[in-house]
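Have a look at the structure below, then the notes.
Residue numbers (this note's numbering): 11 to 139.
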């Protein structure tokens, strides 16, 4: 009989399996839209809760802008810093994928990995659809 895995363990396995490993990837995490860390690694281990909350707030602000101004669906949120890029994308109606990478990393590589995480999560955790 196979042991039941927690949602967090399944998400951790999906992140590990689908995201490119390397020095340019700083962190990848799954965050609830309410700002709680669910799985993965936050950009700041000392302030994981703050990082998760701020990522959720940034996505929420982008959604509010979309609703009020653009009337369009958000694909992803991208913040570019001097040495780092921060990507936030929707995983489900209640979860986000948040990745931090070195600034010179190709956007398409990161976005493809994030999309694979979404696809695989919806296959393995059917109730998240």
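Even for Gly, the Cβ is constructed at its ideal location relative to N, Cα and C.
If you're wondering where the values come from, they're calculated on a predicted model, not measured in any experiment.
- [ ] Kindly indicate which three-state DSSP category residue 103 falls into: helix, strand or coil?
- [x] Position 93 of the chain shown holds residue 103. Of the three classes helix, strand and coil, the one that applies to residue 103 here is coil, per DSSP.
Open item on the list: Between the region 118 to 128 and the region 19 to 33, can you find at least three pairs of beta-carbon atoms closer than 8 Å?
Closed with: yes
Task: Straight-line Cα distance separating residue 20 from residue 136 - done: Within the chain shown, the letter at position 126 stands for residue 136. Within the chain shown, the letter at position 10 stands for residue 20. Their backbone Cα atoms lie some 12 Å apart in a straight line.
Task: Integer-rounded CB distance, given that residue 106 should sit under 8 Å from residue 65 - done: As a position in the chain shown, residue 65 is number 55, starting the count at 1. As a position in the chain shown, residue 106 is number 96, starting the count at 1. Indeed, because the Cβ distance is near 6 Å, the residues count as touching under 8 Å.
Open item on the list: My output table needs one value for residue 50: the three-state DSSP class, helix, strand or coil.
Closed with: Walking along the chain shown from the start, residue 50 turns up at place 40. Here residue 50 sits in strand by DSSP.
Task: Spatial distance of residue 96 from residue 109 (CA atoms) - done: Working through the chain shown from its first residue, we reach residue 96 at position 86. Working through the chain shown from its first residue, we reach residue 109 at position 99. Distance between the alpha carbons of residue 96 and residue 109 is about 6 Å.
- [ ] Output the distance between the C-alpha atoms of residue 33 and residue 115, rounded to the nearest integer angstrom.
- [x] Numbered from 1 along the chain shown, position 23 holds the residue referred to as residue 33. Numbered from 1 along the chain shown, position 105 holds the residue referred to as residue 115. Cα-Cα distance, rounded: 10 Å.
Task: Nonlocal neighbours in the same chain, by C-beta distance under 8 Å from residue 119, ignoring five residues either side - done: The sequence position of residue 119 within the chain shown is 109, counting from 1. Cβ neighbours of residue 119 beyond the five flanking positions: 30.
Task: Neighbourhood of residue 69 by C-beta distance below 6 Å, restricted to the same chain and skipping five residues each side - done: By one-based count along the chain shown, residue 69 stands at place 59. So the qualifying residues of the chain are 87, 98, 106.
Open item on the list: Suppose you measure from the CA of residue 16 to the CA of residue 79; what does that come to, to the nearest Å?
Closed with: The residue given as residue 16 occupies position 6 in the chain shown. The residue given as residue 79 occupies position 69 in the chain shown. Each residue's alpha carbon lies about 39 Å from the other.
Open item on the list: What would DSSP say about residue 42, mapped onto helix, strand or coil?
Closed with: Within the chain shown, the letter at position 32 stands for residue 42. If DSSP states are grouped into helix, strand and coil, residue 42 belongs with the strands.
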